[in-house]
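Asker: Residue numbers (my numbering): 4 to 132. Backbone N, C-alpha and C define an ideal beta-carbon position, used for all residues, glycine too.
(1) Would you tell me roughly how many angstroms separate the C-alpha atoms of residue 54 and residue 100, rounded to the nearest one?
(2) Express the C-alpha separation of residue 26 and residue 46 in angstroms, rounding to a whole number.
(3) I need the boundaries of the alpha helix (DSSP H) containing residue 51, first residue and last residue.
(4) Where residue 104 and residue 49 are concerned, what is the direct C-alpha to C-alpha distance, given to the nearest angstrom?
(5) Measuring CB to CB, does residue 62 end up less than 8 Å from residue 18?
(6) Using a Cβ-Cβ cut-off of 7 Å (strictly less than) and excluding sequence neighbours within five positions of residue 35, which residues of its own chain qualify?
(7) Report the CB separation of residue 127 from residue 94 in whole angstroms; it is logged as a contact under 8 Å.
(8) Excluding the five sequence neighbours on either side, which residues of its own chain have a C-beta within less than 6 Å of the C-beta of residue 4, listed in chain order?
(9) Over what stretch of residues does the alpha helix (DSSP H) that includes residue 85 continue unbroken?
(10) Thinking C-beta only, is residue 69 closer than 8 Å to residue 86?
(11) Measuring CB to CB, does residue 58 end up less than 8 Å from residue 97?
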């Protein structure tokens, strides 16, 4: 039964997205902390904990969940940290649609970039995997 859940978490829909891709693109309110008293972890964190292999899956556009999380304004704490922790090599993968690496996406996709994410992605980028 557990292996079925892990398989479900890597199954891709018609757009090539696995559940983690969808979680990485949810609206900001879902990660705003409004439900912190109900849930100890974000949906992204739960999905990564259940099957970290999903962090390596590219969607139909060739994007990783990391790319989508950054583009959709997710913060380091509770979201990006889990994806990078499970697949640190992802910080060296450029977004195929725009050609930007994750640190570039983090610097350009918001009027107020998450500085913690920028610094931590930089640290992972400059370290040995």
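Answerer: In short, the structure shows the following:
(1) On the chain shown, position 51 is the one that residue 54 refers to. On the chain shown, position 97 is the one that residue 100 refers to. Roughly 26 Å separates the two Cα atoms.
(2) Counting from one through the chain shown, the residue named residue 46 turns up at place 43. Counting from one through the chain shown, the residue named residue 26 turns up at place 23. Cα to Cα, the separation comes out at about 6 Å.
(3) Here residue 51 refers to the residue found at position 48 of the chain shown. It spans 46-53 - the alpha helix (DSSP H) in which residue 51 sits, taken as one unbroken run.
(4) Numbered from 1 along the chain shown, position 101 holds the residue referred to as residue 104. Numbered from 1 along the chain shown, position 46 holds the residue referred to as residue 49. So the two alpha carbons sit approximately 25 Å from each other.
(5) To locate residue 62, count along the chain shown from 1; it is residue 59. To locate residue 18, count along the chain shown from 1; it is residue 15. A contact, by the Cβ cut-off of 8 Å.
(6) As a working mapping, residue 35 is identified with position 32 in the chain shown. Only weak support exists for where residue 35 lies, its pLDDT of 49 falling under 50; the value from the coordinates is given anyway. Same-chain partners within the cutoff: there are none.
(7) Position 124 of the chain shown, counted from the first residue, corresponds to residue 127. Position 91 of the chain shown, counted from the first residue, corresponds to residue 94. The Cβ separation is near 5 Å, so the contact holds.
(8) Reading the chain shown from its first residue, position 1 is the one you call residue 4. Interpretation of residue 4 is limited by its pLDDT of 48, a score under 50 that renders its predicted location unreliable; no figure is taken from the coordinates.
(9) Here the question's residue 85 lines up with position 82 in the chain shown. First-last of the alpha helix (DSSP H) with residue 85: 84-89.
(10) Translated into the one-based positions of the chain shown, residue 86 becomes position 83. Translated into the one-based positions of the chain shown, residue 69 becomes position 66. Yes.
(11) For this step, residue 58 is matched to residue 55 along the chain shown. For this step, residue 97 is matched to residue 94 along the chain shown. No, the pair does not count as a contact, with Cβ atoms beyond the cut-off.
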